[in-house]
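**Student:** Numbers 449 to 772, taken from my numbering, label the letters of the sequence shown in order.
Don't be surprised by glycine CBs; every beta carbon is placed ideally from N, CA and C.
Structure in structure tokens, see below.
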Amino acid sequence: MEKTKRYQLRVDRSGNGERIDTYISRHISSITRSQVKKLIDEGCIVLDNVRPKPNERLKLGQVLTIEVTRRSRELRPFNMPLSILYEDDCILAVDKPAGIAVHPSETLNEPTLVEALIEQRPEIKKVGERKRPGLVHRLDKETSGVLLIAKDGDIQRTLMSFFASHRVKKYYVALTNGTPKENKGTIETFIIRHPVYRQRYTVSEESGRRSVTTYRVLRRFSDAFSLIMANPLTGRTHQVRVHLKHLKCPVLCDKLYSSRESLFLSNLQGRKANSTEKPILSRQALHSFSISFIHPITTKYIRIKAPLPADIRETITVLSSVFP
449 MEKTKRYQLR VDRSGNGERI DTYISRHISS ITRSQVKKLI DEGCIVLDNV RPKPNERLKL
509 GQVLTIEVTR RSRELRPFNM PLSILYEDDC ILAVDKPAGI AVHPSETLNE PTLVEALIEQ
569 RPEIKKVGER KRPGLVHRLD KETSGVLLIA KDGDIQRTLM SFFASHRVKK YYVALTNGTP
629 KENKGTIETF IIRHPVYRQR YTVSEESGRR SVTTYRVLRR FSDAFSLIMA NPLTGRTHQV
689 RVHLKHLKCP VLCDKLYSSR ESLFLSNLQG RKANSTEKPI LSRQALHSFS ISFIHPITTK
749 YIRIKAPLPA DIRETITVLS SVFP
């Protein structure tokens, strides 16, 4: 089933001189910058009734018309190797790779992790919501690491209640652009959706959802980068990313919260990158390292870990050689 939604935006002062993809994505949170290019190529975006270039700079008063087709699709089993970290009769934990979304959305038509999951465990398709079978929490597309799945509806509801009542301990490892002042600490703020850039969240001093994260610096690479272990005590969207941004050391290569989208060796050596140089890292360096909880059936304490993926390990190796 398809539904087409039409948006019309008149460029305000904040958008004068801004790239069209950036302007659209910050005004319509469900559309990413990469999706803007695709929509332009498909003729679904016009600027003053003319098809624009993907890198077009906007002018005050221009009118953008955007038509987006929302597709509601069935889950399609997808053959992809899965790294199983833990499994018993009612719980499964996988090591989610970076770069794959956990579940489909109206604007996402590519294969997802949950579709790889039902290819290998078809029975999970009947657990919970139709588009999110078995899921009890989620990870961002570019985040890797431990993802917990329930194999039974009652277990799913129980585990979701554990997450909601903060009875699950979660630890993330992050490489950050910059270093915090203290080696460890607690960040306690309110988090709200960013008033201008609608795909982002930000810290508020007065209102929003209370959010608490503890952190510990595992290693500093001079004052340029750091390796941090973060423990979100609450579960807000983008919480670790927003809190590290608040500390002025955003997650490395975070396309929403950091000024650096990719890391090149030439950046570290103080020279310009050439056109053939490949990045050391080109996704947000955030990894769900471990999840701990009391098993809802056996009542045993369970801790599930996911080893650091190759791209983060390799980045640490390079940083160690540049900043010994």
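For L734 versus A622, is the C-beta distance shorter than 9 Å?
**Tutor:** Taking the sequence shown and counting its residues from 1, the one referred to as residue 734 is at position 286. Taking the sequence shown and counting its residues from 1, the one referred to as residue 622 is at position 174. Contact flag set, yes.
**Student:** Contact check, V550 vs L587 under 8 Å by CB: the rounded distance?
**Tutor:** Taking the sequence shown and counting its residues from 1, the one referred to as residue 550 is at position 102. Taking the sequence shown and counting its residues from 1, the one referred to as residue 587 is at position 139. Contact flag correct, Cβ pair sits at about 6 Å.
**Student:** Classify E535 as helix, strand or coil using the three-state DSSP reduction.
**Tutor:** The count along the sequence shown starts at 1 and reaches residue 535 at position 87. Strand at E535.
**Student:** In this structure, what does DSSP give as the bridge partners for F638?
**Tutor:** For the purposes of this step, residue 638 is taken as the residue at position 190 of the sequence shown. Paired residue(s): S652 and R658.
**Student:** Any idea which residues DSSP pairs G593 with across the strands?
**Tutor:** For the purposes of this step, residue 593 is identified with residue 145 of the sequence shown, where counting begins at 1. K544 and S736.
**Student:** Under the three-state reduction of DSSP, which class applies to Y471: helix, strand or coil?
**Tutor:** Here residue 471 is taken as the residue at index 23 of the sequence shown, counted from 1. Three-state result, Y471: helix.
**Student:** Using 8 Å as the cut-off, can you tell me whether the segment 613-621 makes contact with the segment 739-752, which would need three or more C-beta pairs spanning the two stretches below that distance?
**Tutor:** Taking 8 Å as the limit for Cβ pairs, the verdict is that the segment 739-752 does touch the segment 613-621.
**Student:** Taking the alpha carbon of D460 as the point to measure from, which residue in R454, K453 and R474 has its own alpha carbon closest?
**Tutor:** In the sequence shown, counting from the first residue as 1, residue 460 sits at position 12. Nearest of R454, K453 and R474 to D460, Cα basis: R474.
**Student:** Just to confirm, is the Cβ distance from V511 to D489 under 9 Å?
**Tutor:** The residue labelled residue 511 in the question sits at position 63 within the sequence shown. The residue labelled residue 489 in the question sits at position 41 within the sequence shown. Result no, Cβ atoms of V511 and D489 do not sit closer than 9 Å.
**Student:** So if DSSP puts M677 in a beta bridge, which residue, or which two residues, is it bridged to?
**Tutor:** If you number the sequence shown from 1, residue 677 lands on position 229. Looking at the DSSP assignment, M677 forms a beta bridge with V621 and R664.
**Student:** Rounding to the nearest angstrom, what Cα-Cα distance links I513 and L457 in this structure?
**Tutor:** On the sequence shown, residue 513 is found 65 positions in, with the first residue counted as 1. On the sequence shown, residue 457 is found 9 positions in, with the first residue counted as 1. One point to set straight first is that residue 513 is Thr, not Ile, in the sequence displayed. C-alpha separation (whole angstroms): 7 Å.
**Student:** Give me, in chain order, the residues of the same chain whose beta-carbon lies closer than 6 Å to that of R648; leave out the 5 immediate sequence neighbours on both sides.
**Tutor:** Here the question's residue 648 lines up with position 200 in the sequence shown. Answer for R648: H642 and L704, listed in chain order.
**Student:** Ignore the nearest five residues each way along the sequence and tell me which others in H686's own chain have a CB closer than 7 Å to its CB.
**Tutor:** Mapped onto the sequence shown, residue 686 falls at position 238. Answer for H686: Y649, listed in chain order.
**Student:** Taking DSSP as the reference, what is the three-state secondary structure of A598?
**Tutor:** As a first step, residue 598 must be located in the sequence shown, where it is residue number 150. Three-state result, A598: strand.
**Student:** Hey, is the segment 653-670 in contact with the segment 626-635, meaning 3+ C-beta pairs nearer than 8 Å?
**Tutor:** A contact exists between the segment 653-670 and the segment 626-635.
**Student:** Express the C-alpha separation of V498 and E762 in angstroms, rounding to a whole number.
**Tutor:** For this step, residue 762 is matched to residue 314 along the sequence shown. For this step, residue 498 is matched to residue 50 along the sequence shown. Going by the C-alpha atoms only, they are around 46 Å apart.
**Student:** Output needed for E515: all residues of its chain with C-beta closer than 7 Å, excluding positions within five of it in sequence on either side, in chain order.
**Tutor:** Residue 515 sits at position 67 when you count from the first residue of the sequence shown. T452, R454 and C492.
**Student:** Touch check for the segment 715-723 and the segment 579-599: three-plus C-beta pairs under 8 Å?
**Tutor:** Judged by Cβ distances under 8 Å, the segment 715-723 makes no contact with the segment 579-599, as fewer than three pairs qualify.
**Student:** Looking at the structure shown, is K579 part of a helix, part of a strand, or coil, going by DSSP?
**Tutor:** Counted from its first residue, the sequence shown places residue 579 at position 131. Coil at K579, not helix or strand.
**Student:** Using alpha carbons as the reference points, say which of S674, P552 and I640 lies closest to N658.
**Tutor:** Residue mapping note: residue 658 aligns to position 210 of the sequence shown, counting from 1. Looking at the sequence shown, residue 658 is not Asn but Arg. Out of S674, P552 and I640, I640 has the C-alpha closest to the C-alpha of R658.
**Student:** So Y471 packs on I752, CB below 8 Å; how close in whole Å?
**Tutor:** The residue given as residue 471 occupies position 23 in the sequence shown. The residue given as residue 752 occupies position 304 in the sequence shown. Actually they do not touch by this definition, with Cβ atoms about 42 Å apart.
**Student:** Would you please state the rounded distance, in angstroms, between the beta carbons of V584 and G601? I believe it to be under 8 Å.
**Tutor:** Here residue 584 is taken as the residue at index 136 of the sequence shown, counted from 1. Here residue 601 is taken as the residue at index 153 of the sequence shown, counted from 1. No, V584 and G601 are not in contact; Cβ-Cβ is about 11 Å, not under 8 Å.
**Student:** Along the alpha helix (DSSP H) that carries K485, what are the first and last residues, could you check?
**Tutor:** Translated into positions along the sequence shown, residue 485 becomes position 37. Element bounds for K485: R481 to D489.
**Student:** Have a look at T447 and Q732 and give me their C-alpha separation to the nearest angstrom.
**Tutor:** The structure shown does not extend to residue 447, since the chain is modelled only from 449 through 772, so no value can be given for it.
**Student:** Could you give the distance in angstroms between the alpha-carbon of P744 and the alpha-carbon of I597?
**Tutor:** Taking the first residue of the sequence shown as position 1, residue 744 is located at position 296. Taking the first residue of the sequence shown as position 1, residue 597 is located at position 149. Their Cα atoms are separated by approximately 13 Å.
**Student:** Identify the residues that DSSP records as bridge partners of G633: which are they?
**Tutor:** For the purposes of this step, residue 633 is identified with residue 185 of the sequence shown, where counting begins at 1. Beta-bridge pairing links G633 to Y663.
**Student:** Name the two residues that bound the continuous beta strand (DSSP E) containing L700.
**Tutor:** Taking the first residue of the sequence shown as position 1, residue 700 is located at position 252. That residue, L700, is in no beta strand (DSSP E); it is neither H nor E in DSSP.
**Student:** Out of curiosity, what's the CA-to-CA distance linking L695 and A546?
**Tutor:** Position 247 of the sequence shown holds residue 695. Position 98 of the sequence shown holds residue 546. L695 and A546: Cα-Cα distance of roughly 24 Å.
**Student:** If you draw a straight line from the C-alpha of H691 to the C-alpha of G683, how long is it?
**Tutor:** Position 243 of the sequence shown, counting from 1, holds the residue named residue 691. Position 235 of the sequence shown, counting from 1, holds the residue named residue 683. C-alpha separation (whole angstroms): 12 Å.
**Student:** Within the same chain, show all residues whose beta-carbon is closer than 7 Å to that of N503, passing over the 5 residues directly before and after it, in chain order.
**Tutor:** Taking the first residue of the sequence shown as position 1, residue 503 is located at position 55. Only R467 meet the Cβ criterion.
**Student:** Looking at S707 and E725, is the spacing between their C-beta atoms short of 9 Å?
**Tutor:** Walking along the sequence shown from the start, residue 725 turns up at place 277. Walking along the sequence shown from the start, residue 707 turns up at place 259. Contact flag unset, no.
**Student:** If you draw a straight line from the alpha carbon of S670 to that of V699, how long is it in whole angstroms?
**Tutor:** What you label residue 670 is simply residue 222 of the sequence shown in a count that begins at 1. What you label residue 699 is simply residue 251 of the sequence shown in a count that begins at 1. Between S670 and V699, the C-alpha separation is close to 16 Å.
**Student:** Which residue marks the beginning of the beta strand (DSSP E) containing V494, and which one marks its end?
**Tutor:** Taking the sequence shown and counting its residues from 1, the one referred to as residue 494 is at position 46. Element bounds for V494: I493 to L495.
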